[in-house]
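Note sheet for the following structure.
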Amino acid sequence: MKQLTGLDASFLFLETASQFGHVSSLSVFERPVAPDYEPFEAWRAQIERRLHLLEPLRRRLREVPFGLDHPFWIEDPDFDLDYHVRHTAVPPPGSDGQLGELVARIVGRPLDRRHPLWESYVIEGLPEDRFAILTKVHHATVDGASGAELLTMMLDADPAGDLIPPPEEEWQPEPVPSDAEVLRKAAGSIVRKPARALVLGTQTVREVGKATRNPVLVRAADQARSGLRGPLGALLNIGRERNPEGEAVGPLPASAPRTPLNAKISPHRRFAFRSAALSDIKAIKNALGATVNDVVMAVCAGGLRTWLEAHDALPDQPLVAMIPVSVRTGEELERWTNRVSAIFASIPTDEADPVLRVQRVHDSMVEAKQLFDAVPAESLTDFTQFPPPAVFAQAMRTATRLMGRFRSPVNLVISNVPGPRDPLYTAGAKLLHYYPVSTIVDGQGLNVTVQSYLDTLDFGLVACRELVPDLWSMVDAMIDDIAALGKAVGIETTTL
Numbered sequence: 000m001k002q003l004t005g006l007d008a009s010f011l012f013l014e015t016a017s018q019f020g021h022v023s024s025l026s027v028f029e030r031p032v033a034p035d036y037e038p039f040e041a042w043r044a045q046i047e048r049r050l051h052l053l054e055p056l057r058r059r060l061r062e063v064p065f066g067l068d069h070p071f072w073i074e075d076p077d078f079d080l081d082y083h084v085r086h087t088a089v090p091p092p093g094s095d096g097q098l099g100e101l102v103a104r105i106v107g108r109p110l111d112r113r114h115p116l117w118e119s120y121v122i123e124g125l126p127e128d129r130f131a132i133l134t135k136v137h138h139a140t141v142d143g144a145s146g147a148e149l150l151t152m153m154l155d156a157d158p159a160g161d162l163i164p165p166p167e168e169e170w171q172p173e174p175v176p177s178d179a180e181v182l183r184k185a186a187g188s189i190v191r192k193p194a195r196a197l198v199l200g201t202q203t204v205r206e207v208g209k210a211t212r213n214p215v216l217v218r219a220a221d222q223a224r225s226g227l228r229g230p231l232g233a234l235l236n237i238g239r240e241r242n243p244e245g246e247a248v249g250p251l252p253a254s255a256p257r258t259p260l261n262a263k264i265s266p267h268r269r270f271a272f273r274s275a276a277l278s279d280i281k282a283i284k285n286a287l288g289a290t291v292n293d294v295v296m297a298v299c300a301g302g303l304r305t306w307l308e309a310h311d312a313l314p315d316q317p318l319v320a321m322i323p324v325s326v327r328t329g330e331e332l333e334r335w336t337n338r339v340s341a342i343f344a345s346i347p348t349d350e351a352d353p354v355l356r357v358q359r360v361h362d363s364m365v366e367a368k369q370l371f372d373a374v375p376a377e378s379l380t381d382f383t384q385f386p387p388p389a390v391f392a393q394a395m396r397t398a399t400r401l402m403g404r405f406r407s408p409v410n411l412v413i414s415n416v417p418g419p420r421d422p423l424y425t426a427g428a429k430l431l432h433y434y435p436v437s438t439i440v441d442g443q444g445l446n447v448t449v450q451s452y453l454d455t456l457d458f459g460l461v462a463c464r465e466l467v468p469d470l471w472s473m474v475d476a477m478i479d480d481i482a483a484l485g486k487a488v489g490i491e492t493t494t495l
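Okay, so the sequence shown: first residue is 0 according to numbering that gives the first Met the number 0, each after it adds one.
Right, here's the structure in full:
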């Protein structure tokens, strides 16, 4: 038995009837030249011979009675690979729209907690002799970094197949422990939590004290204070000068403006995907003295601007994006767990000039990263260990419901993930594209995740079906913005 961390468990607690804690990936493969090649049988065999290396695939949850502590992982005594590996298809010749619709329906269903928290679907019927594999894994099991590692371990670096070492010892499932056994196991952790919380709190205060010498953090505190209104704001701002416009100036983004994306979500999803040449992005970033991430964020902002204008919903102020950040140090004792935090940055959807958008993204990201570096992010994620799970679960759900009903502090999530630079295979089939399929919550009905692979940048957009019924037009606008940016700096871009 291994206990989930507070951060791992938080992805279980946020789940409701309309928001889910799993993340997914859509991998598109080129079928090898072999008349008897069967993608489903090949993929199932690929996973089966690696199961001893893929710990998250055979472990399931065991809840602690009454929600007194975080759940445990146990080795599933009823593990059934055929339950998890599934076979489906789109009607040939299988358009991108049909594939996106199938993916949207599959990711719009929760994972069954009575089984290990993953599913994998082999999807046939695609054009050009291709097939796809959609894999769903719960965020309680992996974060972005460990999820990418898991995918790499599931695939081959050699088209003829990698040499897989046999297991050092035979896998042993665990009997499902009784309530009394689980409570005994959790008892030590429950008793130690108050003391551990006190130690962590003391360490964090010390770190924040050091960080307050950083002017970025001081500006952030001043900005937060200057934004206070009413009697409390008047009291705390005595002696402070406000700028003439009355706007807070500092490293924190202004509050997120209202958009059609920010409302309560339904259980129904849309998924849209496109690809761009990574060489185009690199050429543009070199011409502008920017980074790949600056360009990616800027074209996302440009596509959002186009979509919001088309819906007569473009706010005067920039949107605010939450950007996941790994806080892995490489020294973690547990490989398969979450070590992730986030930064918050304004994205210039209010800027019409694509070149200026890149500069503004760069400036916004520099300030957001300075603020992120000024506070002990890894300590803050550790605080999720301490609230009683029953209380934490209710708090998580209440928070997301409030974001769906009232003004959300964030408009959307944008993530740019560097992926493998060498080709990968499954039983001889070459991986062509790796489209991320992430998750959304109440108040943030859109997620944009971009993953690089070889010389390609793959865009995967997930949205609430009712809030963004025309998601394909949004992803198309992002790809079009790459062409517009290339034209502005004299670079001819490639259409994929």
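Backbone N, C-alpha and C define an ideal beta-carbon position, used for all residues, glycine too.
- Residue 47: member of the alpha helix (DSSP H) spanning 38-47, first to last residue.
- Taken atom to atom, the span from the alpha-carbon of residue 16 to that of residue 441 is near 11 Å.
- Annotation for residue 456: the continuous beta strand (DSSP E) segment containing it runs 455-463.
- The beta carbons of residue 459 and residue 272 sit about 5 Å from each other, so the pair counts as a contact at 8 Å.
- Under DSSP, residue 63 takes part in no beta bridge, so it has no partner.
- Going by DSSP, residue 10 is part of the alpha helix (DSSP H) stretching over 5-12.
- Of the other Cβ atoms in all chains shown, fewer than 16 fall within 10 Å of the Cβ of residue 168; this residue is therefore exposed.
- Taking all protein chains in view, the Cβ of residue 137 is crowded by 16 or more other Cβ atoms within 10 Å, so the residue is classified as buried.
- Residue pairing by DSSP places residue 435 opposite 24 in a beta bridge.
- Residue 19 and residue 164 have their C-alpha atoms roughly 35 Å apart.
- Given a length threshold of 4 residues, each whole run of the alpha helix (DSSP H) inside the region 256-338 is given here in chain order: 277-287 and 291-309.
- The continuous alpha helix (DSSP H) containing residue 487 extends over residues 470-487.
- Cβ contact annotation for residue 307 (same chain, cutoff 6 Å, sequence separation greater than five): 313, in chain order.
- Comparing alpha-carbon positions, the option among 87, 37, 47 and 52 lying closest to residue 334 turns out to be 52.
- By the CB criterion at 8 Å, residue 42 and residue 83 fall outside the cutoff.
- Between residue 355 and residue 258, the gap from beta carbon to beta carbon reaches 8 Å or more.
- Sequence-distant Cβ neighbours of residue 360 in its own chain, meaning closer than 6 Å and more than five residues away, are 293, 296 and 297.
- With fewer than 16 other Cβ atoms from the protein chains shown falling within 10 Å of its own Cβ, residue 310 counts as exposed.
- Here residue 75 is not near residue 49, since their CB atoms are 8 Å or more apart.
- Just so you know, the alpha carbons of residue 166 and residue 39 end up roughly 24 Å apart.
- Burial of residue 255 is indicated by the presence of at least 16 other C-beta atoms within 10 angstroms of its C-beta.
- Residue 5 counts as buried, since at least 16 other C-beta atoms from the protein chains shown sit within 10 angstroms of its C-beta.
- Secondary structure note for residue 451: its beta strand (DSSP E) is the uninterrupted segment 445-452.
- With respect to the C-alpha of residue 98, the residue from 34, 63 and 25 having the closest C-alpha is 25.
- Cβ-Cβ separation between residue 69 and residue 438: approximately 20 Å, too far for a contact (criterion under 8 Å).
- Excluding sequence positions up to five before and after residue 277, its CB lies within less than 7 Å of the CB of 451, 454, 455 and 456, all in the same chain and listed in chain order.
- Under a 10 Å Cβ-count criterion, residue 35 is classified as exposed, with fewer than 16 other Cβ atoms of the shown protein chains found around its own Cβ.
- Around residue 485, the same chain offers 279, 283, 491 and 492 as residues with beta carbons nearer than 7 Å, after the five sequence neighbours per side are excluded.
- Residue nearest to residue 495 within the set 468, 431 and 473 is 431 (criterion: CA-CA distance).
- When secondary structure is reduced to three states using DSSP, residue 83 falls in the helix class.
- Residue 58 is bridged by DSSP to 74.
- For residue 304, the CB contacts under 6 Å within the same chain, skipping 5 residues up- and downstream, are 348 in chain order.
- Setting aside the 5 residues that flank it on each side, residue 101 is surrounded in the same chain by 89, each with a C-beta closer than 6 Å to its C-beta; the list follows chain order.
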